[in-house]
Each structure stands twice: as C-alpha cells, then as structure tokens.
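*Asks:* Chains as they are written, first to last, in my numbering: chain B, 1 to 294; chain Z, 1 to 294. Structure in structure tokens, see below.
Protein chains: 2
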Amino acid sequence: MIWASGWRLASAVSNKGGLGIIGAGSMYPEILREHIQKCKKATDKPFAVNVPMLYPDIDKIIEIIIEEGVRIVFTSAGNPKTWTKHLQSNGITVVHVVSSVKFALKSQEAGVDAIVAEGFEAGGHNGRDETTTFTLIPMVKEQLEIPLIAAGGIATGRGMLAAMVLGADAVQIGSRFVASNEASSHPNFKNKVVEAKEGDTQLTLKELAPVRMMKNKFFTEIQDLYKTAPTKEELISLLGRARAKKGMFEGDLDDGELEIGQISGLIHEIKPAAEIIQEIVTEFELAKQQVANF
Amino acid sequence: MIWASGWRLASAVSNKGGLGIIGAGSMYPEILREHIQKCKKATDKPFAVNVPMLYPDIDKIIEIIIEEGVRIVFTSAGNPKTWTKHLQSNGITVVHVVSSVKFALKSQEAGVDAIVAEGFEAGGHNGRDETTTFTLIPMVKEQLEIPLIAAGGIATGRGMLAAMVLGADAVQIGSRFVASNEASSHPNFKNKVVEAKEGDTQLTLKELAPVRMMKNKFFTEIQDLYKTAPTKEELISLLGRARAKKGMFEGDLDDGELEIGQISGLIHEIKPAAEIIQEIVTEFELAKQQVANF
Numbered sequence: 001m002i003w004a005s006g007w008r009l010a011s012a013v014s015n016k017g018g019l020g021i022i023g024a025g026s027m028y029p030e031i032l033r034e035h036i037q038k039c040k041k042a043t044d045k046p047f048a049v050n051v052p053m054l055y056p057d058i059d060k061i062i063e064i065i066i067e068e069g070v071r072i073v074f075t076s077a078g079n080p081k082t083w084t085k086h087l088q089s090n091g092i093t094v095v096h097v098v099s100s101v102k103f104a105l106k107s108q109e110a111g112v113d114a115i116v117a118e119g120f121e122a123g124g125h126n127g128r129d130e131t132t133t134f135t136l137i138p139m140v141k142e143q144l145e146i147p148l149i150a151a152g153g154i155a156t157g158r159g160m161l162a163a164m165v166l167g168a169d170a171v172q173i174g175s176r177f178v179a180s181n182e183a184s185s186h187p188n189f190k191n192k193v194v195e196a197k198e199g200d201t202q203l204t205l206k207e208l209a210p211v212r213m214m215k216n217k218f219f220t221e222i223q224d225l226y227k228t229a230p231t232k233e234e235l236i237s238l239l240g241r242a243r244a245k246k247g248m249f250e251g252d253l254d255d256g257e258l259e260i261g262q263i264s265g266l267i268h269e270i271k272p273a274a275e276i277i278q279e280i281v282t283e284f285e286l287a288k289q290q291v292a293n294f
Numbered sequence: 001m002i003w004a005s006g007w008r009l010a011s012a013v014s015n016k017g018g019l020g021i022i023g024a025g026s027m028y029p030e031i032l033r034e035h036i037q038k039c040k041k042a043t044d045k046p047f048a049v050n051v052p053m054l055y056p057d058i059d060k061i062i063e064i065i066i067e068e069g070v071r072i073v074f075t076s077a078g079n080p081k082t083w084t085k086h087l088q089s090n091g092i093t094v095v096h097v098v099s100s101v102k103f104a105l106k107s108q109e110a111g112v113d114a115i116v117a118e119g120f121e122a123g124g125h126n127g128r129d130e131t132t133t134f135t136l137i138p139m140v141k142e143q144l145e146i147p148l149i150a151a152g153g154i155a156t157g158r159g160m161l162a163a164m165v166l167g168a169d170a171v172q173i174g175s176r177f178v179a180s181n182e183a184s185s186h187p188n189f190k191n192k193v194v195e196a197k198e199g200d201t202q203l204t205l206k207e208l209a210p211v212r213m214m215k216n217k218f219f220t221e222i223q224d225l226y227k228t229a230p231t232k233e234e235l236i237s238l239l240g241r242a243r244a245k246k247g248m249f250e251g252d253l254d255d256g257e258l259e260i261g262q263i264s265g266l267i268h269e270i271k272p273a274a275e276i277i278q279e280i281v282t283e284f285e286l287a288k289q290q291v292a293n294f
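This is how it looks when you write it as structure tokens:
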C-alpha cells in the first residue's frame with residue numbers, strides 16, 4: 001500500500017469502523033510524522049502504521065511512532081525480534097506480516113501480538129514460497145496460537161467470510177482501497193486497477209524481492225531481460241530507482257511499477273472508503289445467511 | 001491425479017457419496033476400459049472419467065468411454081469444442097477444467113455442462129496466469145452462468161465451505177485422495193505427501209506446460225538448468241520420458257516427478273477414501289454452524 005495509504009485513507013477507514021493503516025514505506029520520517037498528526041486530527045478511532053523494517057531510517061521512524069502515540073504497528077520485511085519488545089514496552093501492539101508458516105511461528109516466538117499471513121495473490125512485495133491464501137491460512141492456523149489476520153486476494157465480504165472459514169480471525173485488505181477516493185495513488189493508476197482483468201498481474205523479480213505487479217511495458221521489459229539469464233546486477237539496473245513512485249504516485253502506466261493484487265480483476269469502481277467498508281460488511285452478513293442453506 | 005486415481009479410488013469415493021473420477025491421463029486405452037469395467041462392478045453409483053485431450057489416443061479413449069456407458073466426463077488440456085457435442089449426443093455430461101476466466105467463458109460457449117476452475121495452488125499441470133483459487137473462483141463466478149466447481153487447495157470441510165462462500169457450487173479434491181489407501185500411487189509417494197510442509201511444492205517448467213511438483217532432486221536439477229537460460233529443447237531433454245510415472249507410481253522420490261498441491265502441507269495421514277469423505281462432510285457441517293457466530 002505504498003503511495004496509496006496516507007492519513008486520508010487511514011482515517012476514513014478508521015472512522016468507518018475498520019483499522020486504517022498508514023503505510024510508512026513510501027514516507028521520509030518527517031512526512032510520516034505529518035501523516036500521523038493529520039490522522040489523529042481526522043479520527044478519534046485507533047489507527048496503525050505499517051513499517052517495512054528494511055527502511056533505511058528505521059530508528060527514526062520507530063522514534064516518531066512512539067513520540068506521536070501510535071497504538072498499533074504492523075511490521076514487515078525484517079526480523080520481528082528487532083523491534084517488537086521496544087514497541088511493546090511503549091504500549092504499542094505489534095502485528096508482523098509473514099508469508100509462510102515458518103515465519104508465522106518465528107514471529108510468535110518473537111512475542112508479536114498477532115500476525116498477518118499474506119498469500120501469493122497479494123500485490124506488491126511477497127513471499128518466496130508462493131503459498132496462496134487458500135492454503136496458507138489453514139496451515140498457519142493449525143500451528144499458531146496468537147490471532148491470525150489473513151491477507152492476499154480479499155476485497156469483498158464473501159472474501160472476508162471465506163478467509164474466516166479457513167481460520168482467520170480478521171482480514172487485511174489492500175488492493176480494494178487503492179481504488180478508493182481517499183487513496184493517494186495517482187488517478188491513472190486507480191483507473192488501471194478498476195480496468196484490470198483476471199490474469200493482468202504477475203509475480204516477478206524473485207531474485208531481488210518478489211513483487212506482484214501489473215503486466216505493463218515495464219513488466220514486459222523485465223520478462224525480456226529474463227530471457228538473457230541476467231545477473232542480479234542487471235535486474236537491479238533495469239529496476240532503477242523510484243519505479244513504484246513513478247507508476248503508482250506519478251501515474252506513469254508504462255514505465256512505472258504498478259503493484260496490485262490478483263483480486264484487482266474483481267474491483268470495478270473507485271469509491272469512498274466508507275462505502276467500500278459498508279459494502280464489505282453488508283455482503284459479509286448476507287453471505288453468512290446464505291451459508292445456512294448450503 | 002494421474003497414477004493415483006484408478007477404479008479402486010474412484011469407486012470408493014462414489015460409494016461414499018462423492019463423485020469418483022478415474023484419471024485416464026496415465027492409462028492406455030485398453031487399461032482405461034479395464035478400470036471402467038472394474039469400477040462399474042465396484043459401485044452402482046455414478047462415477048466420471050477425466051480425459052486430458054492432448055492424449056495421443058484420444059479418439060480411442062472417447063470411443064471406449066461411450067461404449068462402456070460412462071455418464072460423466074471431465075475434459076482438460078485442450079479445446080472443449082472438439083469433443084463436447086459428440087459426448088453430449090451420447091448422453092454424457094461434460095465438465096471442462098480451466099484455470100482462467102477467459103477459458104471458463106470459452107468453455108461455457110462451447111456448450112459444456114459445468115466447469116472446474118482450478119487455482120495456482122493445485123498439484124500437477126496448471127494454468128499460465130497463476131491465478132489462485134481464492135481470487136479465481138469469485139472472478140469466474142461473476143461472469144459464468146453454468147455450474148462452477150472449485151479446485152486447487154481444497155482438502156478439508158473448511159476448504160469446501162470457503163470455496164462455496166467464494167461462489168463455487170461444488171469442489172474437486174485431488175491431493176487429499178492421493179494420501180488414501182485406495183490411491184494407486186506408490187506408498188513412498190503417499191508417505192512423502194503426508195510428510196510435506198508448507199512451501200514444499202513449486203510450479204515450474206512454465207515454458208513447456210506449467211506443473212506443480214515437490215521440491216526434490218529432480219526439481220533442483222530443473223532449477224539449476226534454469227540458471228543457464230536453457231532452450232525449450234534442453235528442458236524437454238532434462239524432463240525425459242515417464243518422469244511422473246517414475247515418481248508417483250514407481251516411488252522414485254529423487255528422480256521422479258512428484259505432482260501434488262500446496263495443500264499437501266495440511267495432509268497428515270493416509271486413510272481410506274470413505275473416512276476422508278466422512279471427515280470432510282463432518283467438518284463442513286461444523287464450520288457451517290461456526291459461521292453463524294462470526
């Protein structure tokens with residue numbers, strides 16, 4: 001949700017009863033502080049911050065989160081042992097994002113309060129084992145004792161109910177909110193998301209950090225490079241800098257990296273976040289009733 | 001389900017109230033006839049035959065199916081236009097297996113009676129779009145008018161219920177029945193399946209026909225070859241002949257191809273097929289009751 005989930009989206013989600021998450025991955029520390037402060041003004045409900053732990057200014061980010069009184073942090077892309085205790089000793093609930101059973105259990109051992117288990121269908125950065133939501137959730141559930149939040153492929157009330165049937169206690173929804181009025185994503189990208197069809201995304205760049213993106217011109221260039229058995233350096237060189245920003249924030253649909261999940265094929269309209277949440281809840285309740293007749 | 005689903009497994013499933021399927025993919029025509037005849041003796045319930053349409057003796061296979069009075073055929077790996085009308089004009093219900101929305105709709109247009117939509121997590125041969133069960137089912141459901149059977153990642157009653165919540169009318173279960181007493185798979189392979197953990201399978205050989213298999217010695221050899229940017233011919237040469245038979249039927253766990261789904265990580269015991277079905281149904285009913293409290 002980098003370049004998508006700033007204070008506007010996070011506060012809109014929290015105000016409607018979800019847990020809004022500010023994605024710190026695309027923010028310099030002082031920009032994050034600004035988003036947290038604006039979010040606090042825009043909602044009196046709890047919200048969270050997602051922190052990729054590979055972030056160069058991670059110390060500063062953590063300091064700001066504590067200073068600003070954020071109550072819930074989602075950590076990802078790193079070792080949960082590094083920051084969990086420090087955050088918790090400052091009264092913060094820590095949720096760690098994983099994509100395998102092994103790392104779910106390691107996160108539990110590191111003392112996190114809950115985990116997000118994210119399937120292969122999720123947009124953006126993704127696990128190496130390619131385990132899908134449908135199989136990952138029950139396999140994690142079988143061994144995990146702490147709360148389990150499912151992610152990857154969930155955009156609707158039916159998706160939420162299915163994930164809970166598979167063993168999730170809650171769900172994390174990304175792609176659906178990229179196509180919201182409040183997302184800070186470029187309108188070109190939002191439009192591309194609602195036009196997406198099944199099969200329009202693919203996981204690639206597995207040698208660097210696996211990432212699911214739309215099959216645009218940039219994606220095709222990556223695939224062409226793969227035909228030459230490239231070195232890691234050649235892949236890094238093609239990737240260059242700020243590709244994600246170029247695509248998702250600046251709206252360059254050809255040369256930018258457009259990170260989105262497979263479920264984009266089921267997303268057809270850009271709407272206010274509150275309407276999206278209302279639709280999900282209404283469909284969830286309806287689906288619950290239908291289950292009784294199965 | 002090649003090298004796994006002969007008359008013993010198919011009749012056991014049908015006798016317990018499922019629809020048993022004989023997998024013709026690993027059978028010469030006269031072997032298939034024998035399996036059909038034995039299946040008819042072993043059950044008076046309906047059963048089906050799965051026919052990969054790329055099969056060299058496809059004309060002969062279809063002739064035998066009609067002669068032997070099989071009532072339901074699952075076709076895969078080919079154009080559903082080729083055989084659907086002929087089979088239907090002989091009173092046979094035709095179900096076609098696809099892995100994308102596009103081919104689901106093409107199959108409907110070709111007049112098939114139902115489709116199986118199979119996700120990326122499924123074992124064995126698989127689609128190019130890598131769409132997962134969790135996202136494929138609702139996207140197909142949104143556009144399809146004929147009955148929809150979900151496949152890929154389903155091994156339990158919870159999985160069955162989740163697939164139905166996502167829009168499936170029924171489910172097709174493969175991997176779970178490889179670890180059944182009645183499967184004709186080699187005991188070494190069955191044991192390997194119940195020992196499998198999350199992350200132990202991967203989709204590979206995408207340039208030939210994408211196939212999900214266990215990460216054994218043969219799989220590692222494929223990955224090593226990929227590092228050299230191999231030609232298709234080099235991949236075909238490494239694959240050689242009868243790799244699947246060697247692994248799944250002859251029990252060579254190192255040099256054989258071991259086709260199984262991601263959900264193998266959730267399968268822990270070899271059991272009679274009837275017990276597996278009973279467990280699935282019991283868990284399905286229990287999960288239905290639990291949904292009311294979500």
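C-beta: ideal position from N, C-alpha, C; glycine also.
List the endpoints of the continuous alpha helix (DSSP H) containing S107(Z).
*Replies:* Per DSSP, S107(Z) belongs to the alpha helix (DSSP H) from 101–109.
*Asks:* Select from D113(Z), K271(Z), V97(Z) the residue whose C-alpha is nearest the C-alpha of G119(Z).
*Replies:* V97(Z)
*Asks:* Sort H186(Z), K106(Z), G157(Z) by Cα distance to L258(Z) and report the nearest one.
*Replies:* H186(Z)
*Asks:* So what's E34(Z) in DSSP terms, helix, strand or just coil?
*Replies:* helix
*Asks:* With DSSP as the reference, please indicate the residues paired to R212(B) in a beta bridge.
*Replies:* G124(B), L203(B)
*Asks:* So N50(Z) is in the beta strand (DSSP E); what residue range does that whole segment cover?
*Replies:* 47–52 is the span of the beta strand (DSSP E), which, as asked, contains N50(Z).
*Asks:* Along the stretch 196–226 of chain Z, where does the CB come closer than 8 Å to a CB of chain B? Name the residues.
*Replies:* K197, E198, G199, Q202, L203
*Asks:* Are at least three pairs of beta-carbons, each pair with one atom in the stretch 242–255 of chain B and one in the stretch 172–190 of chain B, less than 8 Å apart?
*Replies:* Yes, the stretch 242–255 of chain B touches the stretch 172–190 of chain B.
*Asks:* Which first and last residues belong to the alpha helix (DSSP H) in which G157(B) is found?
*Replies:* Here the alpha helix (DSSP H) through G157(B) covers 157–165.
*Asks:* Quick one: give me the first and last residue of the beta strand (DSSP E) that F74(Z) is part of.
*Replies:* 72–76
*Asks:* Any C-beta of chain Z sitting closer than 7 Å to the C-beta of T133(B)?
*Replies:* yes
*Asks:* Ordered along the chain, which non-local residues of its own chain (more than five positions away) have a Cβ less than 7 Å from that of V94(B)?
*Replies:* V73, T75, T84, L87, Q88, V112, D113
*Asks:* For the stretch 97–125 of chain Z, list every residue whose C-beta sits within 8 Å of some C-beta in chain B, in sequence order.
*Replies:* S100, V101, K102, G119, F120, E121
*Asks:* Excluding the 5 residues flanking P52(B) on each side, which residues of the same chain have their C-beta closer than 6 Å to its C-beta?
*Replies:* G25, S76, A77
*Asks:* Determine the DSSP secondary structure at S184(Z), reduced to helix, strand or coil.
*Replies:* coil
*Asks:* Does the distance from the CB of E283(B) to the CB of R176(B) come in under 7 Å?
*Replies:* no
*Asks:* First and last residue of the beta strand (DSSP E) that includes I22(B)?
*Replies:* 20–23
*Asks:* E98(Z) bridges to which residues according to DSSP?
*Replies:* Here residue 98(Z) is Val; the residue named in the question, Glu, does not match the sequence. The partner list for V98(Z) (beta bridge, DSSP) reads A117(Z).
*Asks:* Which of the residues in the stretch 253–265 of chain B, read from start to end, lie with their CB under 8 Å from any CB of chain Z?
*Replies:* Listed by position along the chain: G261, Q262, I263, G265.
*Asks:* Report yes or no: do the stretch 132–149 of chain B and the stretch 252–269 of chain Z share at least 3 C-beta pairs separated by less than 8 Å?
*Replies:* yes
*Asks:* Flag G153(B) as yes if its beta-carbon sits less than 7 Å from any beta-carbon of chain Z, otherwise no.
*Replies:* yes
*Asks:* Taking the straight line between their C-alpha atoms, what separation do you get for G17(Z) and L235(Z)?
*Replies:* As the crow flies, the alpha-carbon of G17(Z) is around 42 Å from that of L235(Z).
*Asks:* Going by C-alpha distance, which of A242(B), W7(B), N126(B) is nearest F218(B)?
*Replies:* A242(B)
*Asks:* Shorter than 7 Å from the beta carbon of R176(Z) to some beta carbon of chain B?
*Replies:* no
*Asks:* Would you call A155(B) buried or exposed, if buried means 16 or more other Cβ atoms sit within 10 Å of its Cβ?
*Replies:* buried
*Asks:* Out of D44(B), P29(B), T43(B), state which residue places its alpha-carbon closest to the alpha-carbon of N50(B).
*Replies:* P29(B)
*Asks:* Hey, could you find the ends of the alpha helix (DSSP H) A12(B) is sitting in?
*Replies:* 7–15
*Asks:* Going by Cα to Cα distance, which pick from F103(B), Q172(B), K102(B), Q223(B) is closest to M1(B)?
*Replies:* Q172(B)
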